[in-house]
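**Student:** This is the structure I have questions about; it appears just below.
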Amino acid sequence: MAPVVAQVALENRDTFAVAKMNIAEGPQTHRKYLVRGHPTYIVFKDGKDVGRIAGVKTKGQLLQNILNAINK
0 MAPVVAQVAL ENRDTFAVAK MNIAEGPQTH RKYLVRGHPT YIVFKDGKDV
50 GRIAGVKTKG QLLQNILNAI NK
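First residue of the sequence shown? That's 0 in numbering that gives the first Met the number 0, and the numbers climb one at a time after it.
Now the structure itself:
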C-alpha cells in the first residue's frame with residue numbers, strides 16, 4: 000500500500016496532506032484512535048477525525064474515500 004499512498008499524496012498535495020505512523024512504535028496512539036486492523040487510514044479535517052478507511056484499497060478507492068470524508 001505504501002506506493003499507492005505515496006502516489007495519492009503526491010498527486011493531491013494541494014488538496015490534503017498525508018502522514019504515516021507506525022503504531023508498533025506508538026501503542027498509545029493505537030489505543031487513542033481505536034485502530035483495530037491494518038492498514039487503517041484516519042482522515043482528519045480541521046483537527047477532527049472525519050473518516051476512516053480500513054483495508055487494502057486501489058489508488059482510486061483510496062482517493063475517493065479520502066475526498067468523500069473531507070467533503071462531508
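The C-beta atom is built at its ideal place from N, Cα and C for all residues, glycine as well.
In whole angstroms, what separates the C-alpha of residue 17 from that of residue 30?
**Tutor:** Taking the straight line from one Cα to the other gives about 20 Å.
**Student:** Does the separation of the CB atoms of residue 66 and residue 7 fall below 8 Å?
**Tutor:** No; because the gap between Cβ atoms is not below 8 Å, this pair is not in contact.
**Student:** Among residues of its own chain, excluding the 5 on either side of residue 111, which ones have a beta-carbon nearer than 6 Å to its beta-carbon?
**Tutor:** The displayed coordinates of the chain run from 0 to 71. Any statement about residue 111 would go beyond what the structure contains.
**Student:** Name the DSSP beta bridge partners of residue 48, please?
**Tutor:** Answer is 43.
**Student:** For the alpha helix (DSSP H) containing residue 69, name the first residue and the last one.
**Tutor:** Its alpha helix (DSSP H) spans residues 58-69.
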